[in-house]
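Quick notes on the structure that follows.
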Amino acid sequence: MKTVAVTKIGSLRDPDPAARGRIGLVDLPEPALGPEDVRIRVAYAAICGSDPHLAEGFFGTDVPIGLGHEISGVVEALGERATRNGLRVGDRVAGNFLRFCGTCDPCREGAQQFCRFVQEYNRPGMAETVTWHESQVYRLPDAVSLLQGCLLEPTSVAVRIIDKTRMRVGDRVAICGGGPIGQLVLQLAKRHGATALTLIEPIAERRAMGLRHGADHVIDPVGEDQAALAAGHTADRGYDIVIDASGSPRAVRGLLDLAAPGGTVVYGAMYPEDYELPLNLSDYLYLRELTLTGVFVSPYAFPRALQLLPHLDVEELTRAVYPLEDAAEAFAVHVSGAHPKVVIRCNELAGAEA
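Structure, rendered in structure tokens:
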């Protein structure tokens, strides 16, 4: 089974080709179809901002490391007991790359994201097929194409981020980072009634994209005075909610200063393991009572993400599509930042873009 994988550990951005990480196609065995499993012929697999971190060895260094968790496809086979969801062969589906066991203490206490056995079903989806438990698989609405459907997982992350903000209608909201998650969060925040909705993003094309999708204001943190503009956009009151979707240590340093007293700051990205954010507890937590939180994965968010996906404008996130054989090039384009999102077409399936 052809699978996109990390074949050499190292940063994909390393200027030294000898030290640079490498992405390639490998042949991995197709897992046996268990009685409650669903085999999916993968149509599309989108590259996530976290994928380059896997190349850097964030979750281990034994190569090859199979990639891909933002997928869509068509049900190819069902285990004899994979009947609870009403799935049928030929259904167009997407899903959650994580299988929560449902029996450990965190799962039973409403904290699936901390499932103790979540790695036992870790199966890469950037491949010709993927075999997942039926609990991971969701049938796509008729209004959502397979190309759009591969964005179900990042949409679930956006839903989870909004959940963590505890946003109220009318809250002033700033989002740092205009990549896929930032753009999806922006659309959801707009639908949720955000005001003074501001996108902080250094790339002009992504700022323009944010304006097209509902931002009231945009800030270039490199070429403009971020603090002064934020103060102007909020009448010197600060933002009730500040969300980081950039994952950049340089970007997150000044975000606490944008929050209003009593505000919430959500770190909604993946950060370098060795990065430690300077934090003055007296200022930010004692005097200003800020709430700081983060996002790991998105439990309980997929059903709502599925309902929202037909109403989101994701066309600009699905323009850059590369065939499976050109996966290495697709990752090179991804790390270049030339497109807000890069998608790999894993199989040519009839009506995949309809």
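Residue numbering for the sequence shown follows this note's numbering, starting at 394 and increasing by one per position. Cβ atoms here follow ideal geometry from the backbone N, Cα and C, with glycine treated the same way.
Helix, strand or coil for I568 per DSSP?
Note: I568 maps to strand in three-state DSSP.
Let me know the secondary structure DSSP gives T496 once reduced to three states.
Three-state result, T496: coil.
Which residues mark the beginning and the end of the alpha helix (DSSP H) in which R599 is found?
597-605 is the extent of the alpha helix (DSSP H) around R599.
Is it true that the CB of G607 sits closer than 8 angstroms to the CB of G631?
No. Outside cutoff.
Under DSSP, the alpha helix (DSSP H) around K583 begins and ends at which residues?
573-584 is the span of the alpha helix (DSSP H), which, as asked, contains K583.
Measure the alpha-carbon distance for N489 versus A644 and round it to whole angstroms.
Roughly 29 angstroms between the two C-alpha positions.
Straight-line CA distance for D409 to V728?
Computed Cα separation, rounded: 15 angstroms.
Could you check what DSSP says for H446 in three-state terms: helix, strand or coil?
The answer is helix: DSSP assigns H446 an H, G or I state.
Go ahead and label Q512 buried or exposed: buried means 16 or more other beta carbons lie within 10 angstroms of its beta carbon, across all protein chains shown.
Exposed, because fewer than 16 other Cβ atoms sit within 10 Å of the Cβ of Q512.
Mind listing, in chain order, the continuous alpha helix (DSSP H) runs of no fewer than 4 residues lying wholly within the stretch 652-692?
Correct list: empty.
Can you have a look at S465 and say buried or exposed, based on whether 16 or more other CB atoms are within 10 angstroms of its CB?
So S465 counts as buried.
Do L460 and A398 come within 8 angstroms of each other at the CB atom, strictly closer than that value?
Yes, these two residues count as a Cβ contact at 8 angstroms.
Whose C-beta lies closer than 6 angstroms to the C-beta of L699 among residues of the same chain, with five residues either side of it excluded?
These residues qualify, in order along the chain: Y531.
Looking only at C-alpha atoms, which of V714, E449, L672 sits nearest to L539?
For L539, the nearest C-alpha among the options comes from V714.
Determine the burial state of A425: buried for a count of at least 16 other Cβ atoms within 10 Å of its Cβ, exposed for fewer.
The residue is exposed, with fewer than 16 neighbouring Cβ atoms inside 10 Å.
Determine whether the beta carbon atoms of L418 and E718 lie at a separation below 8 angstroms.
Contact: yes.
For I737 versus A487, is the C-beta distance shorter than 8 angstroms?
For I737 and A487, no; Cβs fall outside 8 angstroms.
DSSP three-state call for T476: helix, strand or coil?
In the structure shown, T476 sits in coil (DSSP, three-state: anything other than H, G, I, E or B).
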